[in-house]
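Numbering (UniProt numbering), first residue to last: 1 to 645. Beta carbons are placed, not taken as given, at the ideal position from N, Cα and C, and that holds for glycine. Source: prediction; values computed, not measured. Working notes for the structure below.
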């Protein structure tokens, strides 16, 4: 069987990675990645790689035929790589420098194919995802730097109706074949679509309307607005009508995916395995959650007692009702996040080499309305190209955004959590693009999609919350309790996710446990509970991944003793890219072996920093001139000095 057609060999250089063709597998890796960019402008734009595409369509095709075409390409790609492995003498004959990438590449293709039977693409609209959220975000990401960009933007607007019509066909197929989410997953979704109708679709044309580019002519602006009014807005109205009149009434009240999905427990187990990258059963995950809840409860009770409270309930009530922990307004909350990240930055050198830390900047902004009503307390989206990473802080219901939660959320979402993780991966030399970039979108497609190794990604975020004391945070009992409350949330997730999907729990029972065991507001607990209904298994990845990374750090420290450098440990964890937890364990075992044998580590002594000043001077930030009053180096907002310039 012939290999898929290779792209122009200059493509890699233009993406920003000059990679010597070191193995016969590189062409396969490169071509498959190029194909993914070609078929998905939405993926390319999210990664800042729009101009690396060979095709010109402006939105992802969502027709039934397009899904079959993608499956056929993946089948051929898998056959090609297996043929080459055999030609090279089998997997054991492949050099170690290439073998892991080949194994991951095969795993990604096989996962895509084997899980396609679950038809997850038919459940493609919910409170968190769908045209009502994805298209406005896509519009905000589209570059407007030259005439071609403006032409592409107009092409995007003219493509919205077609894509929405294709999605409606998928939803109807989902009804016909019993591949749908639970009804609670669509709560408020018709209103999300109608909000774009009621405001005239302004999010889709205001970017062009506000542009001062010479290519933003009055003719272009008028054409954009006309397309929104004649194509986009009517399409969203049609979508809302379908949801209200056809789709939502047909959805099951039943939450359990084991009862909703035609393949039952097999489907849910596939979701668990996809996200945790383990073989834990539903009951095993549930039991781990129960044990973790007991452990964390004991730690929370100690803090409550130290603060003079006879029981945990009274202390939790104090924390969630006292004005002491309620931000005055949106800007006060954002300022607190910026200050927290500013305090973390210089402390990073305690645990990370300068060589490890990325130069990509990030910004902290409010979660956009109207999705903030159904969004979590915070989340992160990676940057791409010249676009910085973005830490979204939910500022709705401001009095429930408790200040004792900001330390843990900053560590998890920003630094050294997801921003550091994503930026390091994208900047690491030598990683193939399919390992360098994470397709952090369309969670509804799991497990029938390319894996993104949630256990590693979210396990890292939760592990970082546990680094707060070493990095100078959690100074007060309330802050320490906030960290435990955040960890408790992830432990409870193991119980409620498996409970609702595999053990027959109701939404109310899951919500009640959330309220009982965490210090969350009722609004956030409700949002979280419905999220677990919507993405089976995803919520379990955090705690399972954190437990493994904690175990690996402990193993590294115990095995290497004084010879080990914790900065080398974190260098390996971050520069390996997203991998299954079993692969990460192999990488750490290799590091331990190297340390014990006296083999030189990857980190050159000449590139280690010796002081905070060295660290700060070596960083590259979003603004060409930044000042130390910027509480978040690299933030695009919050600095009066920069704004004056």
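- Judged by DSSP in its simplified three-state form, residue 378 adopts strand.
- Burial is judged here by how many other beta carbons sit within 10 angstroms of a residue's own beta carbon; residue 417 has at least 16 and is buried.
- DSSP places residue 366 in the strand class (E or B) of the three-state scheme.
- Closest in C-alpha terms to residue 504, from the list 34, 264, 199 and 572, comes 264.
- In the DSSP assignment, residue 511 falls within the unbroken alpha helix (DSSP H) covering 507-517.
- Counting along the chain, the unbroken beta strand (DSSP E) around residue 390 starts and ends at 389-393.
- With contacts defined as CB atoms closer than 8 angstroms, residue 553 and residue 472 fail to qualify as a contacting pair.
- Take residue 336, set aside five residues on each side of it, and the residues of its chain with a beta-carbon closer than 7 angstroms to its own are 327, 403 and 406, in chain order.
- Taken atom to atom, the span from the alpha-carbon of residue 576 to that of residue 231 is near 44 angstroms.
- By the beta-carbon neighbour count (other beta carbons within 10 angstroms, threshold 16), residue 245 is exposed.
- By the 16-neighbour rule on beta-carbons within 10 angstroms, residue 401 is buried.
- With contacts defined by Cβ atoms closer than 8 angstroms, residue 459 and residue 549 form a contacting pair.
- Looking only at 333, 522 and 276, the smallest Cα-Cα distance to residue 582 is reached by 276.
- Its chain contains 493, 497 and 532 as the residues whose beta carbon lies nearer than 6 angstroms to that of residue 539, once the 5 sequence neighbours on both sides are disregarded; these appear in chain order.
- Taking all protein chains in view, the Cβ of residue 64 is surrounded by fewer than 16 other Cβ atoms within 10 Å, so the residue is classified as exposed.
- In this structure, DSSP gives residue 455 a helical state, which the three-state scheme calls helix.
- Residue pairing by DSSP places residue 384 opposite 387 in a beta bridge.
- Annotation for residue 304: 312 and 315 place their beta carbon closer than 6 angstroms to its own, counting only its chain and skipping 5 residues before and after.
- Around residue 123, the same chain offers 174, 179, 180, 181 and 444 as residues with beta carbons nearer than 8 angstroms, after the five sequence neighbours per side are excluded.
- Of all alpha-carbon atoms in 242, 560 and 385, the one lying nearest the alpha-carbon of residue 189 is that of 242.
- Closest option to residue 448, judged by alpha-carbon separation, among 267, 252 and 91: 267.
- Looking at the backbone, the Cα of residue 527 and that of residue 572 are separated by about 35 angstroms.
- The DSSP-derived three-state label of residue 221 is helix.
- Annotation: the continuous alpha helix (DSSP H) that includes residue 315 extends over 312-321.
- Spanning the alpha carbons of residue 283 and residue 257 requires a straight line of approximately 15 angstroms.
- Here DSSP, grouped into helix, strand and coil, assigns residue 99 to helix.
- Here residue 423 has 358 and 360 as same chain residues with Cβ atoms under 6 angstroms from its own Cβ, once five neighbours each way along the sequence are excluded.
- Close CB contacts of residue 375 within its chain, under the 6 angstroms cut and outside five residues either way in sequence, are with 367 and 394 (chain order).
- Leaving aside the five residues that flank residue 159 on each side, the residues in its chain whose CB is nearer than 6 angstroms to its CB run, in chain order, 58 and 59.
- By the Cβ neighbour-count rule, residue 169 is exposed, with fewer than 16 other Cβ atoms within 10 Å of its own.
- Contact between the segment 89-99 and the segment 136-145 is absent: fewer than 3 CB-CB pairs across the two stretches fall below 8 angstroms.
- The C-alpha of residue 468 is placed about 19 angstroms away from the C-alpha of residue 295.
- C-alpha of residue 90 to C-alpha of residue 291: approximately 43 angstroms in a straight line.
- Within the segment 503-584, the complete alpha helix (DSSP H) segments at least 4 residues long are 507-517, 522-534, 541-560 and 566-575, listed from N- to C-terminus.
- With a cutoff of 8 angstroms on beta-carbon distance, residue 196 and residue 236 are scored as near each other.
- Between the beta-carbon of residue 412 and that of residue 464 there is about 6 angstroms, and that keeps the pair under the 8 angstroms contact cut.
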